[in-house]
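Asker: This structure is in structure tokens; I'll ask about it shortly.
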Amino acid sequence: MSQSHFYQPNEGHGLAHNPFNAIIAPRPIGWISTKSKAGVLNIAPYSFFNALNYTPPIIGFSCVGSKKDSLINVQDTGEFCWNLVSQDLVEAMNVTSKPLAPNESEFEAAGLETVESQIVNVPRVKASKVSMECKLTEVVQLKSSSGDMVNSWFIMGEVVGVHIDKSLIENGVYSTLKSAPVSRGGGQGDYYTISQENYFELLRPE
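Per the working numbering, the sequence shown runs over residues 12 to 217.
As structure tokens, this is what we get:
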């Protein structure tokens, strides 16, 4: 008897819950702040997010299911910010995941203070210890292997400004552990943090 549970996604997974999000995990959270053409501030967490390139630094996140306010705002203005979700900000982050009307601000709903950016015209989360100001490089609507368009859009942006709380810098080195980043797991509400106990170093072979 096979020890492997095999399934073809287009035919169903055959489990109690879809395992895809739990397998590709944990994932960094894209806490994306934007501003609409009308000046309404928006912030929302995206679990399909990551760094994509070193030089120039490019990050990207996927807007899944429908064209959400973040995507519309970025397409209209060409700018967005990424804000670090540390352990002390998880409750506020969770509030910003609630769908609101386009004329309502998640910043206000979550009681988050803003701070102006240096380059882009989108504010950052004041309490976030790391933020990145970004300019849009590309929006790609995803498609299946058969070429059918999918209701998901991948938004990429070049990082043009980085803000780091000085408490996270030790001897010129950024401390990931001190930043206490929170990552997304599977399920409806699975999240993970990091600890020194789980740290190990593994250098690439030369």
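We treat Cβ as the ideally placed atom computed from N, Cα and C, and that holds for glycine.
Evaluate D80 with the Cβ neighbour count: other Cβ atoms within 10 Å of its Cβ, from every protein chain shown; 16 or more gives buried, anything less gives exposed.
Answerer: So D80 counts as buried.
Asker: So N133 is in the beta strand (DSSP E); what residue range does that whole segment cover?
Answerer: The sequence given here places Val at residue 133; Asn does not occur at that position. Note, V133: premise wrong, no beta strand (DSSP E); not H, not E.
Asker: Going straight from the alpha carbon of E181 to that of H174, what length do you get?
Answerer: When rounded, the distance between both Cα atoms is 15 Å.
Asker: Check each candidate in L95, M160, K146 and name the one with the smallest Cα separation from L188.
Answerer: When each option's Cα is compared against that of L188, the closest is L95.
Asker: Taking the runs of the beta strand (DSSP E) that are 3 residues or longer, which of them lie wholly in the region 148-189?
Answerer: Here the runs fully enclosed are 160-175.
Asker: Can you list, in chain order, the residues of its chain with a C-beta nearer than 6 Å to that of E149? Leave out the 5 residues immediately preceding and following it.
Answerer: Excluding residues within five positions, the ones whose Cβ falls inside 6 Å are M167.
Asker: DSSP three-state label for T88, please.
Answerer: Correct three-state label for T88: helix.
Asker: Compute the beta-carbon to beta-carbon distance between A62 and I70, rounded to the nearest angstrom, for a pair I have assumed lies under 8 Å.
Answerer: With a Cβ gap of about 5 Å, A62 and I70 count as contacting.
Asker: Quick test of the definition: if touching needs 3 or more C-beta pairs under 8 Å, does the region 191-211 touch the region 152-160?
Answerer: With a cut-off of 8 Å, the region 152-160 and the region 191-211 do not count as touching, because too few Cβ pairs lie within range.
Asker: Specify whether the region 25-38 and the region 87-104 touch according to this definition: at least 3 beta carbon pairs, one from each stretch, less than 8 Å apart.
Answerer: Judged by Cβ distances under 8 Å, the region 25-38 makes no contact with the region 87-104, as fewer than three pairs qualify.
Asker: Which value, in whole angstroms, describes the spacing of the CA atoms of P110 and T125?
Answerer: When rounded, the distance between both Cα atoms is 20 Å.
Asker: In this structure, how does DSSP classify S194 when only helix, strand and coil are distinguished?
Answerer: DSSP places S194 in strand when its eight states are reduced to three.
Asker: Just to confirm before moving on: does the CB-CB distance between S5 and V75 stay below 7 Å?
Answerer: With the chain covering 12 to 217 only, the question about residue 5 has no answer from this structure.
Asker: Whose CA, out of S156, R135, A120, V184, lies closest to the CA of G9?
Answerer: The structure shown does not extend to residue 9, since the chain is modelled only from 12 through 217, so no value can be given for it.
Asker: Give me the Cα-Cα distance between K78 and M12, rounded to the nearest whole angstrom.
Answerer: Cα-Cα distance, rounded: 45 Å.
Asker: Does M143 come out as helix, strand or coil in the three-state DSSP assignment?
Answerer: M143: strand per DSSP, three-state reduction.
Asker: In terms of residue numbering, what span does the alpha helix (DSSP H) encompassing F31 cover?
Answerer: First-last of the alpha helix (DSSP H) with F31: 31-34.
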